[in-house]
């Protein structure tokens, strides 16, 4: 459902959108498929205010402390963190590779920018993902319209600013269509 | 319409507010 399931409490600071936290664990032994992915992803909660965000966030393990390949996702309520969701189908994502040890801090800065509406791209942002892997970690931020270059450039520039990325950091944009076609993510 | 914008500093300050504990 696309409706709001939670609301800010009395006196709390509302967010522009409600956001849902999701967690997924990769099972490397099984081939990637939509069905496996849906079985492995868990919705862990939705927040509607700054206060609820912190309350929730402070109870989560820092992504950098997770063991084994796993992902945290933070998506606008009602948007599933899947390529096939109607809000994602025509979209894509910016991907940033991180060496080990940086994921927790960068993830926090990225989601603060997202829930604080720092990207200034209207309805375009769908959600964000941190992916913990063996050799390196990845951040990604998903938007609705991969063909909208003004938007994707603005998202890239905002990310560089809020994460204070070195100029040498490689950022790659990938459409979900391409991800679906080559059936790969990281 | 109006968008609800929060900068990083505000959000981090809110983290320590009693209601968010």
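Protein chains in written order, with the working numbering: chain A, 138 to 323; chain B, 127 to 147. Every residue, glycine too, gets a C-beta built ideally from N, C-alpha and C.
Best match in the options for proximity to residue i [C-alpha to C-alpha]
| i | options | result |
| --- | --- | --- |
| residue 310 of chain A | A/223, A/141, A/230, A/225 | A/230 |
| residue 154 of chain A | A/161, A/144, A/160, A/162 | A/144 |
| residue 234 of chain A | A/177, A/302, A/251 | A/302 |
| residue 202 of chain A | A/246, A/277, A/269 | A/269 |
| residue 98 of chain A | A/198, A/259, A/254 | Because chain A in this structure spans residues 138 to 323, residue 98 of chain A falls outside the shown range and cannot be described. |
| residue 276 of chain A | A/254, A/237, A/255 | A/237 |
| residue 215 of chain A | A/274, A/195, A/185 | A/185 |
| residue 256 of chain A | A/213, A/291, A/189, A/306 | A/291 |
| residue 213 of chain A | A/304, A/191, A/254, A/204 | A/254 |
| residue 134 of chain B | A/195, A/308, A/298, A/319 | A/298 |
| residue 272 of chain A | A/204, A/173, A/148, A/307 | A/204 |
C-beta neighbour in chain B for residue i, strict 8 Å
| i | result |
| --- | --- |
| residue 249 of chain A | yes |
| residue 253 of chain A | yes |
| residue 326 of chain A | Given a span of 138 to 323 for chain A in the structure shown, any question on residue 326 of chain A remains unanswerable. |
| residue 220 of chain A | no |
| residue 153 of chain A | yes |
| residue 187 of chain A | yes |
| residue 199 of chain A | no |
| residue 191 of chain A | yes |
| residue 196 of chain A | no |
| residue 150 of chain A | yes |
Contact under 8 Å by Cβ, residue i with residue j
| i | j | result |
| --- | --- | --- |
| residue 244 of chain A | residue 206 of chain A | no |
| residue 266 of chain A | residue 210 of chain A | yes |
| residue 178 of chain A | residue 158 of chain A | no |
| residue 130 of chain B | residue 152 of chain A | yes |
| residue 300 of chain A | residue 246 of chain A | yes |
| residue 240 of chain A | residue 274 of chain A | yes |
| residue 150 of chain A | residue 188 of chain A | yes |
| residue 249 of chain A | residue 137 of chain B | yes |
8 Å CB neighbourhood of residue i in its chain, flanking five on each side removed
| i | result |
| --- | --- |
| residue 146 of chain B | Per-residue confidence for residue 146 of chain B stands at a pLDDT of 49, beneath the threshold of 50, marking its modelled position as unreliable; the derived number appears in the next sentence. So the list reads 140, once near-sequence residues are dropped. |
Beta-carbon contacts of residue i that lie in its chain and below 6 Å, excluding the five residues immediately before and after
| i | result |
| --- | --- |
| residue 317 of chain A | 220 |
| residue 161 of chain A | 177, 178, 208 |
Opening and closing residue of the beta strand (DSSP E) in which residue i lies
| i | result |
| --- | --- |
| residue 231 of chain A | 229-236 |
| residue 184 of chain A | 178-186 |
| residue 280 of chain A | 273-280 |
| residue 210 of chain A | 207-213 |
Limits of the unbroken alpha helix (DSSP H) element including residue i
| i | result |
| --- | --- |
| residue 304 of chain A | No alpha helix (DSSP H) holds residue 304 of chain A; DSSP gives it neither H nor E. |
7 Å Cβ shell around residue i - same chain, five flanking residues per side excluded
| i | result |
| --- | --- |
| residue 228 of chain A | 263, 279, 280, 281, 282, 283, 313 |
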